[in-house]
Each structure stands twice: as C-alpha cells, then as structure tokens.
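Participant:
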Amino acid sequence: MNTTSFPNANAIGDLTGYRYNTIRIVANSSKFDMSTMVLPSALEEFAIDSVKNFNFQTLPKDKIKGLRTLSNLTSINFEYIPESVLLFNRLIVQSDLTGNINLQHLVGLDFTQLDYLSLCDNINLRTIDYVSFGKLNHLYFAKLELFLCCISCCKLCQITNFTVTQESYDNLNYHITGSSCASDTNLGCAVVDSGTSFVNKTACTSINGKVQNLWNSSLWQACVVEGKNPTPVPTTVPLATTFLPTITSPTTNEQSHSSSIIIGVVVGVVAALTGLGLFFWCRRRKGNQNSSYALNQTPRQTNQTTAANTLPGTAPSNESDRENPGYDLTPLRPLRLELLDLVAIERLSSGAYGEVWRGTYGRKNVAIKRIKDKSIRHAKKFADEIILLSRIDCPYIVQLVGASWERPLNLECVVEFMDMGDLYNYLAKTTPHTFTWKQKLKSIESVVFGLIYLHTLELPIIHRDLKSRNILLDSTKGTKLTDFGESREVEDDNDTLTNNIGTFKWMAPEVMMQTSYSTAADVYSLGVVLTEYSTHHSPYSNMINPNTKKPYTQQHLTAMVLKGEIRPTIDKTHTPVQLQELATRCLSYDPNDRPSTLQIQQIIREVMLQNDKSEW
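Residue numbers (UniProt numbering): 1 to 616.
1) Please specify which runs of the alpha helix (DSSP H), each continuous and at least 4 residues long, are wholly inside the stretch 324-400, giving them in chain order.
2) Kindly indicate which residue of ASN208, ARG370 and LEU423 has the alpha-carbon position closest to the one of residue 649.
3) Note down the Cα distance separating THR515 from ASP483, rounded to an integer number of angstroms.
4) Taking the beta carbon of ASN410 as the centre, do at least 16 other beta carbons fall within 10 Å, making it buried, or is it exposed?
5) Let me make sure I understand the geometry here. Which of LEU39, ILE452, LEU451 and LEU598 has the alpha-carbon closest to that of ARG19?
6) If you draw a straight line from the alpha carbon of TRP357 to that of VAL366, how long is it in whole angstroms?
7) Considering just the uninterrupted stretch of the beta strand (DSSP E) at ASN213, what are its terminal residues?
8) Tell me the DSSP secondary structure of THR185 in three-state form.
9) Can you confirm whether the stretch 456-471 touches the stretch 566-577 when touching is taken to mean that 3 or more C-beta pairs between the two stretches lie within less than 8 Å?
10) On the DSSP bridge assignment, give the partners of GLY402 in chain order.
11) Please state if the CB of PHE449 and the CB of TYR396 are separated by a distance shorter than 9 Å.
12) If you draw a straight line from the alpha carbon of THR163 to that of GLY402, how long is it in whole angstroms?
13) Look up ASN425 in the DSSP assignment and say whether it is helix, strand or coil.
14) Going by C-alpha distance, which of ILE23, PHE417 and ARG605 is nearest THR476?
15) Roughly how many whole angstroms lie between the Cα atoms of PHE504 and ASP465?
16) Please confirm if the stretch 537-544 is in contact with the stretch 559-569, defined as three or more CB-CB distances below 8 Å between the two stretches.
17) Between the C-alpha atoms of PRO331 and ILE387, what's the straight-line distance to the nearest angstrom?
18) Pull up the DSSP beta-bridge partners for THR545, would you.
19) Alpha carbon to alpha carbon, how far is CYS394 from ASN213?
20) Considering only their Cβ atoms, is the gap separating GLU445 from GLN601 smaller than 9 Å?
21) Less than 6 Å between C-beta atoms, sequence neighbours within five positions excluded: which residues of the same chain meet that for VAL523?
22) Does DSSP put THR165 in a helix, in a strand, or in coil?
23) Return the bridge partner residues of ASP571 from the DSSP annotation.
24) Pull up the CB-CB distance for THR430 and HIS536, whole angstroms please, since I reckon it's below 8 Å.
25) Can you give me the C-alpha to C-alpha distance between ASN200 and TYR169, rounded to a whole angstrom?
26) Using the C-alpha atoms, what's the distance from THR36 back to TYR353?
27) Which stretch, first to last residue, makes up the alpha helix (DSSP H) that contains THR597?
28) Excluding the 5 residues flanking THR575 on each side, which residues of the same chain have their C-beta closer than 6 Å to its C-beta?
29) Tell me, which residues are paired with LEU39 by DSSP?
30) Helix or strand or just coil, what does DSSP make of GLY478?
31) So what does ASP14 bridge to, in DSSP terms?
32) Mind checking ASP341: buried by the 16 CB within 10 Å criterion, or exposed?
33) Could you check where the alpha helix (DSSP H) with MET512 kicks off and where it finishes?
34) Taking only the alpha-carbon atoms, compute the straight-line gap between GLN610 and MET34 and give it to the nearest angstrom.
35) Could you tell me which residues DSSP pairs with VAL225 in its beta bridges?
36) I believe ILE604 touches LEU441 by the beta-carbon criterion, under 8 Å. Please report the beta-carbon distance rounded to the nearest angstrom.
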C-alpha cells in the first residue's frame, strides 16, 4: 500500500490529484483546518497523528464518503463519524489511546503491547470482550481525575460484559492491584465501587466461561474463557479488505445525540485485479449512478455488537444444547448482535428448510434468516454460511449484519434488507414493458459483477445455487446475490466439486450427473436466469408433456437436460439478439464452451453501450 506522510501539517485542502491510497497527517497544532478538504476517490486509509480536536462534525459527508479507514488515533475528538468509516488501530499505538472517544464496546482488541490506556469520559462503556491484555500498567476507566494511574470505575461505569482469556486475566492480576474507592493514587491500582457489576453470569456461562474475581475483590470480576482470542477471518481474501465486522453501538435514549464508536480489529490483504481495470471497488462506496433503477451503490455495514436475540416462535432447545452446541461457535462470537437491538417485525417468507423475517437492528432495517431443522448438522452448515458471508465485502452481494442466537441451535443470520424482494417475484409482478431491458441489463450486470467477485477470489467461491429467488432487488441499492448456504471455496484453480447441489431447473448437466464441476456451473445457472429475465416465467414452465398434457415432471426434465435435448425458453420477440446468443452460450452442454464471467461482463457492457439510446 503506497503512502505519503505530511509532517507538521496545519491544514488539508484539495487532494483529488493525490495518487496514493494512504495519507498520514502529523500535526501538533490545536487548529487543523479542513474547511477546503477534498479527499481523492481512491483513498482507502487516512492515518492521523497528534491532530488535536479533529472533528468530523464540521465536514460535509460527501467529502469523506469514500474513506474506509482511520488509524493512529491520538488526541482526536470524534463527536461525529460517517458510517462509511471503519475505525481501527492495529494497536500500532504503543503508549496512549486517549479517552475522549465515546466508546460503548471494546471487542476483539489486542492490547498486549499497550502499556497505557485511558478510557476516561467513556461513562457509557458497557462491554469489554476478548480484549488481550499484556503488561498494561495504566488503565483508566471513567472520568475521575483524582486517580491518575488507576482503573477508576467509581459509580460511573455500567459494564456488564468483561470477557478475557486466561492469559489476559493472569496478566491483569499480575500487573495491576486493587483498592477501594477512597483515595489510592498508587500506580497500577484498580478502583472499584460497591455498586459495580462487571459480568453477566448467564452470558458468561453460555460461552463456556467462568466468572472470576480480579485483584482479590468480589466487586471486580471478569468472564474468563480458555484458549486464545478468536481469530475473526483469514487474511488472504483478495479484491477486498476483510474486516472483523465493524462494531458500533446504536445510540439510545439520552445518548442519541452522541455517536458511539467501537474500535475493531481489521485484517485483510488488498489485491489488484489487472486486465480489465475491474469496474468496481468492494472496499468503498460506489459513485452515483444515474438510473431510475439504482443498481450499483455500495451498502455499508453499521451496527454490530455482542449479545443475542431470537425471533418470535423460535423453539427452545434443551439445556445441553446451550452448554454444548456440537460445533465451534468461536468464529461466530465476533459477529454476535446485541439482544435488545434486534427486533423481528413480520415474516416475509417460509419454506421447507427455513424462513425469513423483516426486522430492525438499531435503526437499520434488516432481514433475519433462520433454519427450521435444529439438528447439529444443519446448524453447523448454517454457521458455515454466516462465516463465509462475513468474509465477503462486495456491493453486489448482500451484506452480513451479524449473527444472533439465544441457544446455539437457534442460530439466526441477519443481513441488510432489500426492499423490492427477490427477482423471481418481481418478474412475476412486472411485464417487459414495465421492467425494461435497460433496467434488466443493469440488473444482470450487477449479478455478473457478483459472480466475478466470487470467481476471482484467491480461493474462488462457487455459488452453487444461483437462481432468481437468490437474487434480491432494492430501490436504492440495486441488485445483489444472496443465499450462500450451498456455496463452497475451491482450493485450487484445477479443483472441482462433485456434490449434487442446487435447484434442478437451474442446475448444470455436470452437476446433475455428480461429476466434477467448477465455476462454469454458475455460468450455466446464469444462463437459466437470463431466460427468466427474458420471459418473466420460471424455466421450463411453458413446456408440456405431449403424452400427459401436463407439465414435465422433474425426472423427465432432468433426463432431457442430461441428454442435451432441452433448454429453457427465451422470448425472442422482446429479447435483444445479443442477449439471446449470450444465454445460449451460457447454457452450453460442455462447460468448456461456456464464457467466463469476465467475458460475460464485457458482452453485457457492449450491449448496454450499443443500445443506450434505443427504446426497449
């Protein structure tokens, strides 16, 4: 990552010509002028050192909407922070993290190299979970200036979750000693109040933790868990920075005027895809698209914290399920949502295997998905889907908000809400005249972009269940892929899969035969989806068995597809010729005859440019 440092700066102006993707500002001035600041569109990280009173409140949001990362936070006033910005420190800061940030939750942080931590003024601090402490000598809580080098939580702290590993617990006990709330100014003391309650015992037990006293005081406790802090995600996913989900706290009641901020751990590797100068950045917001059917705006994850919730009607599991779910919950814990902030409103759909609810998380509309089969096998598969989705950061794929569970077998997946529903139902409600090809092409292009992202990862992902019901539409955010329950990573370019996965009408012949298959299977499914865009009908729905005068059964259709005797119908009257030819190529019996998703994107773009002024 290329960067330039600007030492002793006192102002920042128009940087649109800046050619690197990282800027580091160092200033000792109490007045730092940002009134004329314009950040370059490619800027990904803004590192700030010693800039006092750095206040986003004075900045127009459009000036920083592309910014994703702030680092090296010292002496900065965060009264306002844009949703697009992800705060992180990597804990490069070795000596000081000032207390003028209004934190409510600290989750997944590495403080092993930190010897001084000030959390003064953070009177709303609620959660300290999976924070690694090393040789920490000075730790400040709450605004109590009498105790300069103490953990001071006298009456102002309301922390109910303090989760550490055994190693961090031992470090805290060794380096910091405890005292009462009288007046102890010794270095390394812990000042507590008789009303302080640090651990929710029920929550601690649910994660196999043990409540233990700190500093020989029953007034100061921690939930101690075995092992190391959970590793959120691998660091090898290309094309996008992979994040431990942004953890912020929704504002509530009298604190609604103050934006709470969470510092989270950021991991990931940036990789550039050469050749086509690939069309999208999954790491920042997209620019405006002038279209009545908006398709390409990048959503951002917002509120994610650390408790749980369950939907109305969720069947209780027995107590043994709570104690031992039968699968590893560790990767899900950083994704766990706040109990009181997740609300289910109405059921949107229900099928044989699961159901989807519309709800809210904080102030954000969300969709809440849960499975009906509560077996360990299905719960683990569902957990794998959530973990996979947490590694994806792309504007053409539905964004994960987090996971929720009261008991492990009642796991729920929470994603962003798409207000127009799925493509299958939208096509059924519209006609070629009301859903025009100009709009369809933009929607199709978004689907293709989503597949390109999946197929060009360092470990390519095959969706394996691409169909119109798994393509969602939104009046603002456009078209996105969803439902990764059947998706799998391919370990090598030559690796193939053999499981018979997917819905048969969209399934490639090689998948039906349970022979080896690759990303070309998704291309076949895309070809079927193109016929749906063309006809506004489910594939094969117009084909009647001449012997029975009824629609073909699944067995008949499968047999004919395997013989290469049948393909879904295309409406040749209302479909551009180039799209008809593309669908035919995608539906080729031989996977090697199908175009790649990159080739498909080029074709779609050419059709869009050639017919930009036509009246479809």
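Heads up, the beta-carbon is just placed ideally off N, CA and C, and yes, glycines get one too.
Facilitator: The short version:
1) 376-390
2) A query on residue 649 cannot be resolved here, the shown segment of the chain reaching from 1 to 616 and no further.
3) Here residue 515 is taken as the residue at index 515 of the sequence shown, counted from 1. Here residue 483 is taken as the residue at index 483 of the sequence shown, counted from 1. Cα to Cα, the separation comes out at about 23 Å.
4) Within the sequence shown, the letter at position 410 stands for residue 410. So ASN410 ends up on the buried side.
5) Here residue 19 is taken as the residue at index 19 of the sequence shown, counted from 1. Considering only alpha carbons, the answer is LEU39.
6) Here residue 357 corresponds to residue number 357 of the sequence shown, with the count starting at 1. Here residue 366 corresponds to residue number 366 of the sequence shown, with the count starting at 1. For TRP357 and VAL366, the distance between alpha carbons rounds to 8 Å.
7) The residue you call residue 213 lines up with position 213 of the sequence shown. Per DSSP, ASN213 belongs to the beta strand (DSSP E) from 210-214.
8) Along the sequence shown, read from residue 1 onward, the residue named residue 185 stands at position 185. Low confidence applies to THR185: its pLDDT is 33, below 50, so where it sits in the model is not reliable, and the reading given next is rough at best. Coil.
9) no
10) The residue given as residue 402 occupies position 402 in the sequence shown. DSSP output for GLY402 lists VAL414 as bridge partner(s).
11) Along the sequence shown, one-based indexing puts residue 396 at 396. Along the sequence shown, one-based indexing puts residue 449 at 449. Closer than 9 Å, so yes.
12) Translated into the one-based positions of the sequence shown, residue 163 becomes position 163. Translated into the one-based positions of the sequence shown, residue 402 becomes position 402. Between THR163 and GLY402, the C-alpha separation is close to 19 Å.
13) Counted from its first residue, the sequence shown places residue 425 at position 425. The answer is helix: DSSP assigns ASN425 an H, G or I state.
14) Position 476 of the sequence shown, counted from the start, is the residue given in the question as residue 476. Nearest of ILE23, PHE417 and ARG605 to THR476, Cα basis: PHE417.
15) For this step, residue 504 is matched to residue 504 along the sequence shown. For this step, residue 465 is matched to residue 465 along the sequence shown. Their Cα atoms are separated by approximately 9 Å.
16) yes
17) The count along the sequence shown starts at 1 and reaches residue 331 at position 331. The count along the sequence shown starts at 1 and reaches residue 387 at position 387. So the alpha carbons of these two residues sit roughly 7 Å apart.
18) By one-based count along the sequence shown, residue 545 stands at place 545. For clarity, residue 545 is Asn in the given sequence; the question names Thr instead. ASN545 pairs with LYS550.
19) What you label residue 394 is simply residue 394 of the sequence shown in a count that begins at 1. What you label residue 213 is simply residue 213 of the sequence shown in a count that begins at 1. Near 44 Å, if we compare the C-alpha coordinates of ASN213 and CYS394.
20) If you number the sequence shown from 1, residue 601 lands on position 601. If you number the sequence shown from 1, residue 445 lands on position 445. Closer than 9 Å, so yes.
21) Translated into the one-based positions of the sequence shown, residue 523 becomes position 523. Counting only Cβ-Cβ distances below 6 Å, and skipping sequence neighbours, we find CYS586 and ARG594.
22) Locating residue 165 in the sequence shown gives position 165, counting from the first residue. Correct three-state label for THR165: strand.
23) Position 571 of the sequence shown holds residue 571. DSSP output for ASP571 lists no bridge partner at all.
24) Position 430 of the sequence shown holds residue 430. Position 536 of the sequence shown holds residue 536. Sure, about 7 Å apart at Cβ, within 8 Å.
25) In the sequence shown, the residue the question calls residue 200 occupies position 200. In the sequence shown, the residue the question calls residue 169 occupies position 169. Cα-Cα distance, rounded: 17 Å.
26) Here residue 353 refers to the residue found at position 353 when the sequence shown is read from its first residue. Here residue 36 refers to the residue found at position 36 when the sequence shown is read from its first residue. Using only the alpha carbons, I get a separation of about 55 Å.
27) Here residue 597 corresponds to residue number 597 of the sequence shown, with the count starting at 1. Here the alpha helix (DSSP H) through THR597 covers 597-610.
28) Your numbering for residue 575 matches position 575 in the sequence shown. Cβ within range, chain order: SER534.
29) Numbered from its first residue, the sequence shown carries residue 39 at position 39. Its beta-bridge partners do not exist; DSSP assigns none.
30) In the sequence shown, counting from the first residue as 1, residue 478 sits at position 478. If DSSP states are grouped into helix, strand and coil, GLY478 belongs with the strands.
31) Position 14 of the sequence shown holds residue 14. VAL38, per the DSSP bridge assignment.
32) Along the sequence shown, one-based indexing puts residue 341 at 341. The residue in question, ASP341, is buried, as its Cβ has 16 or more Cβ neighbours within 10 Å.
33) Taking the first residue of the sequence shown as 1, we reach residue 512 at position 512. That run of the alpha helix (DSSP H) goes 509-512.
34) Here residue 610 refers to the residue found at position 610 when the sequence shown is read from its first residue. Here residue 34 refers to the residue found at position 34 when the sequence shown is read from its first residue. About 44 Å.
35) Residue numbering aside, residue 225 sits at position 225 when the sequence shown is read from its first letter. DSSP, once it has assigned bridges, lists THR165 as partnering VAL225.
36) Numbered from 1 along the sequence shown, position 604 holds the residue referred to as residue 604. Numbered from 1 along the sequence shown, position 441 holds the residue referred to as residue 441. Confirmed, Cβ separation roughly 6 Å.
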